[in-house]
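Numbering (this note's numbering) for the sequence shown: 40 to 554.
Ideal placement from N, C-alpha and C gives every residue a C-beta, glycine not left out.
Bear in mind the structure is a predicted one, so any value in this text is a computation, not a measurement.
One structure below.
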Amino acid sequence: MRYFRLSLTFLIAIVPVLVCSQQPSKQEFRKQVREYRIAHEQELFNELVEWLSIPNVADDQPNIRKCAAWLKSAMERRGITARILETGGSPVVYGELNVPGANRTIMFYSHYDGQPVDPTKWIDMEPFAPTMRPGKMEAGSTEPKPIPLPKKGEKINEEWRLYARSASDDKSPITALLAAIDAVKAAGLNFGANVRFIYEGEEEAGSPFLQSFAEKNRSLFKTEVLYVCDGPMYFNNQPTLKFGARGITTIDITVYGPNVNVHSGHYGNWAPNPGIKLARLLTSMKHENGNVKVRGFYNTVTPLSRREKEALKTIPSYDEEIKQLYGFAQPEGRGETLMERINLPSLNIRGLESAWVGPQARTVVPAEATAAIDIRMVKGNDPDDMVNKVIEHVKREGFHVISEDPDQNTRMQYADIVKIVKRGGYPASRTSMDLEISQLTIDALSDYHDESVVLIPTSGGSVPLYIFTQILDVPTISVPIVNHDNNQHQPNENIRMGHYWQGIETLAALLVYVK
Numbered sequence: 040m041r042y043f044r045l046s047l048t049f050l051i052a053i054v055p056v057l058v059c060s061q062q063p064s065k066q067e068f069r070k071q072v073r074e075y076r077i078a079h080e081q082e083l084f085n086e087l088v089e090w091l092s093i094p095n096v097a098d099d100q101p102n103i104r105k106c107a108a109w110l111k112s113a114m115e116r117r118g119i120t121a122r123i124l125e126t127g128g129s130p131v132v133y134g135e136l137n138v139p140g141a142n143r144t145i146m147f148y149s150h151y152d153g154q155p156v157d158p159t160k161w162i163d164m165e166p167f168a169p170t171m172r173p174g175k176m177e178a179g180s181t182e183p184k185p186i187p188l189p190k191k192g193e194k195i196n197e198e199w200r201l202y203a204r205s206a207s208d209d210k211s212p213i214t215a216l217l218a219a220i221d222a223v224k225a226a227g228l229n230f231g232a233n234v235r236f237i238y239e240g241e242e243e244a245g246s247p248f249l250q251s252f253a254e255k256n257r258s259l260f261k262t263e264v265l266y267v268c269d270g271p272m273y274f275n276n277q278p279t280l281k282f283g284a285r286g287i288t289t290i291d292i293t294v295y296g297p298n299v300n301v302h303s304g305h306y307g308n309w310a311p312n313p314g315i316k317l318a319r320l321l322t323s324m325k326h327e328n329g330n331v332k333v334r335g336f337y338n339t340v341t342p343l344s345r346r347e348k349e350a351l352k353t354i355p356s357y358d359e360e361i362k363q364l365y366g367f368a369q370p371e372g373r374g375e376t377l378m379e380r381i382n383l384p385s386l387n388i389r390g391l392e393s394a395w396v397g398p399q400a401r402t403v404v405p406a407e408a409t410a411a412i413d414i415r416m417v418k419g420n421d422p423d424d425m426v427n428k429v430i431e432h433v434k435r436e437g438f439h440v441i442s443e444d445p446d447q448n449t450r451m452q453y454a455d456i457v458k459i460v461k462r463g464g465y466p467a468s469r470t471s472m473d474l475e476i477s478q479l480t481i482d483a484l485s486d487y488h489d490e491s492v493v494l495i496p497t498s499g500g501s502v503p504l505y506i507f508t509q510i511l512d513v514p515t516i517s518v519p520i521v522n523h524d525n526n527q528h529q530p531n532e533n534i535r536m537g538h539y540w541q542g543i544e545t546l547a548a549l550l551v552y553v554k
């Protein structure tokens, strides 16, 4: 019996050592993943090219469903139990990968639809005919010219870029995750947690059915965290985690003059000009430094936590490089960095329209002038409340606010008339960096990469993460892998191949080390 007790004690003592010994060092694991990628980069590249060749604009339902079918098949080839689920619009592709003995469940979200395309704006290429170039095209240039897609056995240079719609947003993150699964399996390692996958097909159309789908299918979202593989990495190309995303709401503001365009010679300097009225109204909303003057605009912002403030301080500043890249000398604000400004709500004029310009310009007093505005929100802001604050500001400026075009009686009763139309929107979301799953995620990437991980409290872009964080009570963390200069939402969208390869490694680290 004494021998048995000693043996049992010995076994208990060595079990943790045995378990730990099965997990390779970060250097060895990284070496295994990288060697797998190098050995299989041609087939991984070809798989991405094949999927990018299927058009994926959200309102093109036949091709959207081809994309969903392609994705389901690609997931099944990895041993993922995959289903196509109807939403009322574009389908969701859902998958499960269960791990015996796992104590956690993690989930990955991306969207497989892409922005609409204007083929005439794509230079020397078609949006759904993937094209390789040996570098980034500079603004206003046609260089560098396309090169043939790499053939079998030809090394793919990290600086080469693959151009196609959704090359970065979001088809490449999805296929990078599939490649990461392949690499982990090839290394003979176990996944650290059960894995779930949720891929949406109409994010670029505003996710009109995602909330109702999530509410009806809560059982699918039993997960400790939802990793969002969307958006760009930080500017220094170091591993990046984003713990929140801004919300967004949009409004159209239309100011009225005469009920038709009138001759500027006969009536100019007498008939009221809506373009001038609109300009005055818009300038009343913002200081010259860019801060919003609308009363109460910043009042509902949830302050950053101590850890979030510390994370902001450690983010390397690329403000000077960004100003140089986009060609302007002075940013808005009072000296804050770009990352600091992103953590405040913004009011942006995204478009203006009144009569005609350029060769079509005519000597008229326009009948109306319209400004399209987006309001980006941070945690604590409510979309309806922010719009109401703008409406109250417009009223204080002396305008009569309506929601439909004015009739003759309204025109004769009020000198200054504004129509404000809300175009929808959703609130912001932010996951605390203090959560256990947040720290596990940070540690997973820090343990794997030699470089420090850039921790961003709030992403500049907007994703409807509130559906998960507020409605389903699931924390979200964004794990971007694509280059920041990818022309997202624009013609000539691209993915830098070095980012794609690094993204495979980053996602493999999450699959193994989050447990």
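Taking C-beta atoms under 8 Å as the contact rule, threonine 293 and threonine 409 qualify, at a distance of about 5 Å. Looking only at Ala232, Asn382 and Gly134, the smallest Cα-Cα distance to threonine 480 is reached by Ala232. By the C-beta criterion, the stretch 497-512 is judged to be in contact with the stretch 267-287, since at least 3 inter-stretch pairs fall below 8 Å.
Sequence-distant partners of proline 212 (beyond 5 residues in either direction) whose C-beta falls short of 6 Å from its own C-beta, in its chain, are Ser149, Cys268 and Ile520.
Proximity to alanine 411 across Ser64, Thr289 and Val131 peaks at Thr289, based on C-alpha coordinates.
In the DSSP assignment, tyrosine 465 forms a beta bridge with Ile287. Annotation: glycine 245 to serine 251 spans about 13 Å, alpha carbon to alpha carbon. The beta-bridge partner set that DSSP reports for histidine 439 consists of Ile456. Within the same chain, Pro530 and Asn531 come within 7 Å of tryptophan 161 by CB-CB distance, once the 5 residues on both sides are set aside.
Taking the C-beta atoms as reference points, tyrosine 306 is found no nearer than 7 Å to valine 132. For alanine 113, the enclosing alpha helix (DSSP H) stretches over residues 100-115. DSSP places arginine 235 in the uninterrupted beta strand (DSSP E) bounded by 233-239. In this structure, the beta-carbon distance from phenylalanine 248 to histidine 523 does not fall below 7 Å. Of all C-beta pairs linking the stretch 433-443 to the stretch 337-355, fewer than three are shorter than 8 Å, placing the two stretches out of contact. Bounds of the alpha helix (DSSP H) holding phenylalanine 68 are 65-91. In the assembly as shown, methionine 451 is an exposed residue. Its beta-carbon has fewer than 16 other beta-carbons within 10 Å. When secondary structure is reduced to three states using DSSP, methionine 171 falls in the strand class.
Short of 7 Å from the beta carbon of threonine 545, and not among the five residues preceding or following it, lie these beta carbons of its own chain, in chain order: Pro278, Leu484, Val518 and Ile520. Selection Arg116, Arg104 and Ile495 evaluated against leucine 124 yields Arg104 as nearest (Cα-Cα). Just so you know, the alpha carbons of glutamine 478 and lysine 261 end up roughly 20 Å apart.
Straight-line spacing of the CA atoms in glutamate 80 and glutamate 241 works out to 30 Å.
Taking a cut-off of 8 Å for Cβ pairs, the stretch 197-206 and the stretch 160-174 touch, as three or more such pairs fall below it. Asparagine 526 and aspartate 152 have their alpha carbons spaced roughly 16 Å apart. DSSP, reduced to helix, strand and coil, places arginine 450 within a helical segment of the structure shown. Among the bridge pairs identified by DSSP, phenylalanine 367 is matched with none.
Assigned with DSSP and collapsed to three states, phenylalanine 507 falls in helix.
At least 7 Å separates the beta-carbon of arginine 380 from that of aspartate 413. In the three-state scheme derived from DSSP, where H, G and I count as helix and E and B as strand, lysine 190 is classed as coil. Proximity of the stretch 395-407 to the stretch 368-385 falls short of the contact definition, fewer than three beta-carbon pairs being nearer than 8 Å. A contact is defined here as three or more CB-CB pairs under 8 Å, and the stretch 178-186 fails this definition with respect to the stretch 106-121.
The alpha-carbon of asparagine 328 is positioned some 30 Å away from that of threonine 470. Out of Thr515, Arg535, Asn533 and Gly537, the CA that lies nearest to the CA of methionine 146 is found in Thr515.
At the C-beta level, alanine 253 and isoleucine 506 come within 7 Å of one another.
In this structure, arginine 345 lies away from methionine 472, with their beta-carbon atoms at least 7 Å apart. At a Cβ-Cβ threshold of 7 Å, methionine 425 and alanine 467 do not count as neighbours. For glycine 140, the secondary structure class from DSSP, reduced to helix, strand or coil, is coil.
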